Amino acid sequence: MRSFPVNGLSDDELRAQAARTGLALRVDELRRIAERLGRDPSIVEAHAFDAQWSEHCSYKSSRHLLRKLPTEGPTVMQGPAEDAGILHLGEVHGSRWGVVIAHESHNHPSQVVPFEGAATGVGGIVRDVLCMGAEVIAIADPLRFGRVEDPESHQRYVAQGVVDGIAAYGNAIGIPNIAGDAYFDERFDDNCLVNVVALGLIREQDIIHSAAPPGSEGWDIVLVGKATDTSGFGGAAFSSVTLDEADEDANKGAVQVPDPFLKNVIMRATYRVFEYLRERKITVGFKDLGAGGIMGCSAEICSSGGYGAIVDLDDVNTAMKNMPPEVIAVGETQERLCWVLPGEVTPDVLRIYNEEFSLPQIARGACATVIGAVQGEKRYVLRHGDEIVMDVPIDFLTGSIRDELPVRPMSERKVTDPARRYVVGEHDAAQLLVRVLEHRDVCSREPMYVRYDGAVRGTTVIPRGYASAGVIAPIMGSPLGVALAVAGNPRMSKADPYLAAAYAVLEAVRKVVSVGARPLGLTDCLNFGNPQNIEHYSELVHAIDGIGAAARELGTPYVSGNVSLYNESKTGNAISASPIIACVGGIDDVSNVVTATLKHAGSALFLLGRPQNAVGGAAFAELLEQTGGPVPPIDYERAIAEIAFFRAAADAGFIRSARSVGNGGVLATLAQMAFPTLQPGHKPLGLNVLPARAWAGDGVGEIEAYFGECGGFVIEASGEDAQALASIAAEHVVLMRIGEVTSNCVMRVAGAALDLRTLYDRWSKPLTEVYP
Amino acid sequence: MRAKVAVLVFPGTNSEIETWRICRDVGLDTHVVHWSQAASLPNYDAYVLPGGFAYEDRVRAGAIPAHDPMMDYVIEGAQSGKLVLGVCNGAQIVLEAGLVPGTGAVRKPTAAFTRNAAAHFVCKHVYLKLTIPPERCAITAALSPHALIPAWAAHGEGRLAATDEHLREITDGGHLAFVYAHADGSVDERAVPNGSALGCAGLTNREGNVLAIMPHPERDAWNYNHPDRRQTDNILAPSGGVMLFAAFAQALERL
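As structure tokens, then:
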């Protein structure tokens, strides 16, 4: 067993040797390992601990913070313990159905190799959902890119490659992409964010856990999928350090290679295995291979069940001969899954993969094969050739570790100085609307999502672009619907990371409510800079406080999530603090969904929610080269009352169309509700917007009312229902009439009459340059 | 006896479930038949080839699966008069197998569904407009003249391309079954999502027993698929794109 010398080396020597070997483990961590093992670790062991103790696997600087998030509630079927969480959707024919949700980042790989990085991000998240025993039903892609104006820039190359990679993978495996967002900002120039969300569908009794089940000593550990190759070696550690330009080639090697074609077949074969196991009522363990490869997966699945494992690396199907054992053990080759199966069913499962679905004929070297066994002794053992190349206490390998890092108190958090004089001044609202609609964070995303298959599976109720959230009806023969939306505004984060985090939760919830759904739960993907830097670590701590507070107030638990740190380049250009939230909603009957397209001339238009003068981070403020002042605090009592009102009004059938107020504010939201009516075959509609002074409330400026982004809903209702609507508005609810729908294809606002077709052209064009 | 329909799954197919489901909903005895079960194909009365990326779209979408052993049975069935419906990737396979427009030899296609004009995958809601007399093709016979069918175009390679001579054969021979149209039935370039020659969205063969359509009517085939256009109460009932499959079922009843 080749060893990695630790004992007898000075700190400097050890640091240098770790760097040469490509390990991210710190000196104190290496010493701790050697001390516990009572010897120098082997090379394989060093790489194994490097993966398992990386931030990516261990959450060593964030786990204790995440414990502060609310994770319980009546909708929680399974909280954040495994690869994905599960929310209770409803009952059909006596079975309780759950929506599985997982949310991950693939930021570093996408920055280095955009197409493959983003594609394998989709591949990984889909496996996280699949391995719960679920059928994968939808994906979403929140994206953050740098400045893309220069056609020759790496930023544009990244922005294009990422979208193409997500499209290539998601389309090929046949999962509809129903939600997502995109922001463009210089803070992402050196480090893009590629988050992906996947949803699955499962009956409660069919959930498969990522653990060796009780009594599984001696059972088979079965590896399924692509032949293990040298791609993705060091992937977990790679995502847990900052990107260094000089290491570009090594970084590229750490990115995995996607194979959606093979994945399509593996998914279908796996559904067949689920069916086989359910027919026989056999409890097994199942987990996807991600960070740490074969070692990470087999160690975690066995240790979660209270067992150890012994794996023979010679039994692994590899793409080439003579691969070093550490590469076989921890390399992150894609499209692989791991089962823990009782010996008597193993031959049938192997037959399904290898014969019925002919994996070896689908991709060279792909197959299902037994690579090891669950053992009672709680050690993790790897054999290679005649040697034992790893033999460690399994709980030491997979157990929790924690880094204590310094953090600034909340009172010292960096926020836009409220005292700083902020003057909107006199502006022509109509002219400003045109500029806001063209703003890179407001303009149409269609050039991006038109590349994604949004309707495959035939379950799509509301595809992207038709509302603030996507909706599917995933259960055949049932009217139950699932809504999905994402949120997280980096412009607001610059002004106040705590409030921006809280608004991300509120916005995701409002989006889901705006299609008539009841929020079931949340996931969080926390994208931040280097935690060793007190500024960035403090941002993380405060943001977690923010998403925790908002979720508790709104009564929406977290069931899964992901932390991505070290999002900065070597030059220290760190990203905007980016907590990205996904919200899942449940709809009892999709007959009642609300879409965002205006329906009838003569309808009344309402704003639900009160405009505010503080507009920190709003798009228009940036256009006017203003800070926008502070981010307004959230009045949860009112936000909750508005959501309750919206749901009651939707259930009563009062709402003809609606949209949550988002980027660009009320006017941009109204314009986007009218745009779909311009399509051939529709009756083109127009808008009359009442002057802001008639509805904005005392002391609120006209421009802030028109373009502030901090929330509420725009609602279209019939004129006759207006009275009834107002009557169900409770004490805390502010419902103001802001205009009406007309039949003339013109938007009348602030004394101007704007041709909606012109507005549409201006809004739909900007991104066509990046995505032709 | 109910007609027995096989929905074929090649490695890489991804739309078999919704295709199976709409065929079932229109009353057909429908079975998903997977590549390792190819030998059972002669037992079926009709074949539906669903969407996806069979064999990863290698060479050109549809080119490799057209040579899969499953296609031997489909070609033989088509030649003996069985109905064959190809949707999206299924249409590409049927075309690459030479079954539509059917003006050349088997597996020697005279046209191709190739790279979209925009050179990328396009997912867009569209309408298929019937341009042949309905009875010209058995599968469309039960449709009304100029029938307008809602569907989702979702493909990277859906642009019909052929030499001028072969395009003339397609129009003169009545092979151009469907073109792209707007919701009001009007036809212009803007309605075509992929730059397809002749605005082509679907082709049939000389005998009219094979139909290949690029857009997916089965993705807009139930009330819940189109919330803004909903008219009936039962959200789960088939609607819109079901027209085409209902016509397919009626054709099978007549056989």
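These protein sequence lines are chains A and B, in that order.
Counting from 1, one number per residue, gives the positions in the first sequence under my numbering.
Counting from 1001, one number per residue, gives the positions in the second sequence under my numbering.
Beta carbons: idealized from backbone N, C-alpha and C, even for Gly.
Just so you know, these numbers come straight off a predicted model, no measurement behind them.
Cβ shell of residue 1253(B) (< 8 Å), same chain only, five flanking positions each side left out:
1003
Measure the alpha-carbon distance for residue 27(A) versus residue 80(A) and round it to whole angstroms.
31 Å
For residue 492(A) and residue 301(A), what's the separation of their Cα atoms in angstroms?
40 Å
Which residue wins for smallest C-alpha separation from residue 415(A), given the options 712(A), 630(A), 471(A)?
630(A)
Nearest chain A C-beta to residue 988(B) closer than 7 Å, yes or no?
Any question about residue 988(B) goes unanswered here, given that chain B covers just 1001 to 1255.
Residue 544(A) at chain B interface by Cβ criterion, 7 Å:
no
Straight-line Cα distance separating residue 1204(B) from residue 1005(B):
19 Å
Would you check whether the ligand HEM has a heavy atom nearer than 6 Å to the C-beta of residue 278(A)?
Inclusion of the ligand HEM in the displayed structure is not the case, the ligand content being empty and no account of it being possible.
Could you check if residue 563(A) is buried or exposed, using at least 16 other CB atoms within 10 Å of its CB as the buried criterion?
buried
Evaluate residue 1238(B) with the Cβ neighbour count: other Cβ atoms within 10 Å of its Cβ, from every protein chain shown; 16 or more gives buried, anything less gives exposed.
buried
Would you check if the stretch 1145-1154 of chain B and the stretch 1117-1129 of chain B touch, i.e. whether three or more CB-CB distances between them fall below 8 Å?
yes
Taking Cβ to Cβ, would you say residue 122(A) is nearer than 7 Å to residue 448(A)?
no
Kindly provide the ranges of any beta strand (DSSP E) runs that are 3 or more residues long and lie completely inside the stretch 1190-1215 of chain B, ordered along the chain.
1200-1204, 1210-1213
Residue range of the unbroken alpha helix (DSSP H) whose run includes residue 263(A)
260-280
Find the residues of chain B that neighbour residue 476(A), judging by a C-beta separation of less than 7 Å, and give them in chain order.
1021
In angstroms with no decimal places, state the Cα-to-Cα distance between residue 168(A) and residue 1013(B).
14 Å
How would you call residue 1210(B), buried or exposed, if buried means at least 16 neighbouring beta carbons within 10 angstroms?
buried
I'd like to know whether the C-beta atoms of residue 151(A) and residue 443(A) end up nearer to each other than 7 Å.
no
By the criterion of Cβ-Cβ separation under 9 Å, what are the contact partners of residue 1137(B) in chain A?
By Cβ distance, chain A contributes nothing, its closest Cβ being about 24 Å from residue 1137(B), past 9 Å.
In the structure shown, what three-state DSSP assignment does residue 1244(B) receive?
helix
Taking beta-carbon pairs under 8 Å, can you tell me which members of the stretch 1060-1072 of chain B lie near chain A?
none
Environment of residue 503(A) [buried if 16+ CB atoms lie within 10 Å]
buried
What is the DSSP secondary structure of residue 375(A), counted as helix, strand or coil?
strand
Name the two residues that bound the continuous alpha helix (DSSP H) containing residue 448(A).
446-449
Which of helix, strand or coil DSSP assigns to residue 582(A)
strand
Classify residue 1256(B) as helix, strand or coil using the three-state DSSP reduction.
Lying before the first or after the last residue shown, residue 1256(B) is absent from chain B, which here runs from 1001 to 1255.
For residue 1158(B), three-class secondary structure by DSSP
strand
Amino acids of chain A, ordered along the chain, whose beta-carbon sits closer than 9 Å to that of residue 1015(B):
174, 456, 457, 458
At the level of alpha carbons, what is the spacing between residue 805(A) and residue 669(A)?
The structure shown does not extend to residue 805(A), since chain A spans only 1 to 772, so no value can be given for it.
Classify residue 1159(B): buried if its beta carbon has 16 or more other beta carbons within 10 angstroms, exposed otherwise.
buried
Euclidean distance between Cα positions of residue 134(A) and residue 272(A):
12 Å
Whole-angstrom distance between residue 1051(B) and residue 174(A), CA atom to CA atom:
9 Å
Any contact of the stretch 1213-1227 of chain B with the stretch 1085-1095 of chain B, i.e. 3+ C-beta pairs under 8 Å?
yes
Residues sharing a beta bridge with residue 388(A), DSSP:
383(A)
Can you list, in chain order, the residues of its chain whose CB lies under 7 Å from that of residue 1138(B), leaving out five sequence neighbours each side?
1083, 1208, 1209, 1251
Report the option in 712(A), 484(A), 323(A), 737(A) whose CA atom is closest to the CA atom of residue 229(A).
323(A)
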